[in-house]
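Let me begin by presenting the structure, written as structure tokens, before commenting on it.
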Amino acid sequence: MGKNLYDRYPAARRVFERAEEVLEMPIRKLCFEGPVEELNRTDVIQPCVMTVCWAAYEVWRESYGLENVSVTAGHSLGEIASLAAASSISWETALLLVKERGRIMALAAGEHVGMIAIVGLNEAAVERIRQEASQDGNLWIANRNADVQFVLSGEMAAVQEAERLAIAAGARRALILTIPLAAHTPLMEAAAAAFRKAVDLLPLKAPSIPILANASGEALRTVAALQEELRLQMLRQVDWAKTMVSMRAMKVRTVVELGPGRVLASLAAKHIPGVDTWNAEELFVDFAGPTTA
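For my numbering, count along the sequence shown from 1 and bump the result up by 1380.
See below:
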């Protein structure tokens, strides 16, 4: 993950090298060599993904400039990268916060919890599945990524039942994720409490451009709003559909996804009329990586 970006762009190399100094982790070895089992650990993948995202951001900044950037948003972990992009915190501070986030969330991981992506069913159908599967354990809608794209999160017995029910209901896709967490649910309360302590110590500044909130899609413009968003991030649903509604309302004409993969750019292309979309794989080189919560 990120190897070709590192090899081709001095700006990316500087980010990887600085990340290793800040994090005291062998980021290049982990991203470029793995092994995959170690890279996919919650406490490892989060700082690695943050590093790759920021490397892509720096290459973008040097190649195209930031004069026309009017708003930023990030999905889950990416919300912290957005704070750095909006100059609310330094990217080094963002790296350390993400490292702490990964460490805390790793403590909440376990075989008894999990997440499932469901594609091709509307919200009413997904809610019926959630309610029925909840008879086997606690289950919540953790991500509303689009009108027919959701992630449920909770106790594994309920997650497995939701998979069965979604397939029976005709979902185009029902995939249990390789993330041993109940991310963005009340089951993360202990982890969220620990993360709040880190958030409260952040030297936050008002963002230079609006940051669209994961939970509401609303524009965050003040330090107080950023603090509230971060303090509750692990518990709240990620409503990316609302984020895209806000982008439409703000008349966003170009969406650039800077990170592993192209999911968010693809969603924007489908749900924001007339928008041009780009992702780092198209702009630079292919460096797709794992999914994070």
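Glycine residues also receive a C-beta, built at the ideal position from the N, C-alpha and C atoms.
Across the structure, A1488 and L1644 are spaced so that their CA atoms are roughly 27 Å apart.
A1648 and A1572 have their alpha carbons spaced roughly 29 Å apart. Membership of F1396 in the alpha helix (DSSP H) is indicated by the continuous run P1390 to L1403.
Taking a 10 Å sphere around the C-beta of T1602, we find fewer than 16 other C-beta atoms and assign the residue as exposed. Around the beta carbon of L1581, fewer than 16 other beta carbons lie within 10 angstroms, which makes this residue exposed. The straight-line gap separating the alpha-carbon atoms of E1512 and L1612 is approximately 27 Å.
Pairing A1505 with L1555 gives a Cβ-Cβ distance that is not under 8 Å. Rounded to whole angstroms, L1615 and E1662 show a C-alpha spacing of 33 Å. Counting along the chain, the unbroken beta strand (DSSP E) around A1526 starts and ends at L1519 to A1526.
Between the alpha carbons of A1538 and I1559 lies a gap of roughly 15 Å. In the assembly as shown, S1450 is an exposed residue. Its beta-carbon has fewer than 16 other beta-carbons within 10 Å. In the structure shown, N1420 falls within a coil segment according to DSSP collapsed to helix, strand and coil. No residue range can be given for S1467, since it is assigned to no alpha helix (DSSP H) and is classified by DSSP as neither H nor E.
The alpha-carbon separation between G1654 and Q1529 amounts to approximately 21 Å.
Measuring C-alpha to C-alpha distances from S1470 to each of K1577, S1588 and L1519 identifies S1588 as the nearest.
Q1529 is bridged by DSSP to V1499 and A1526. Bounds of the alpha helix (DSSP H) holding A1548 are M1536 to A1548.
Non-local C-beta neighbours of R1408 in its own chain, meaning closer than 6 Å and more than five positions away in sequence, comprise F1396, ordered along the chain. By the criterion of at least three beta-carbon pairs nearer than 8 Å, the region 1446 to 1463 is in contact with the region 1624 to 1641. Counting along the chain, L1644 sits inside no beta strand (DSSP E); it lies in the alpha helix (DSSP H) bounded by residues V1643 to H1651. Counting other Cβ atoms within 10 Å of its Cβ, Y1386 reaches 16 or more and is therefore classed as buried. Nearest C-alpha to K1585 among V1432, F1412, S1462 and K1383: S1462.
With contacts defined by Cβ atoms closer than 8 Å, A1436 and F1664 form a contacting pair. Scanning the region 1586 to 1634 for uninterrupted alpha helix (DSSP H) segments of 4 residues or longer gives 1603 to 1611 and 1620 to 1629, listed from N- to C-terminal end. According to the DSSP assignment, I1407 belongs to the alpha helix (DSSP H) that extends over I1407 to E1413. Exposed is the label assigned to Y1444, since fewer than 16 other Cβ atoms lie within 10 Å of its Cβ.
Bridge pairing for N1659: E1637 [DSSP]. Residue environment for K1577: exposed (fewer than 16 other C-beta atoms within 10 angstroms of its C-beta). The beta carbon of R1628 lies closer than 7 Å to those of I1652 in the same chain, with the five residues before and after it left out.
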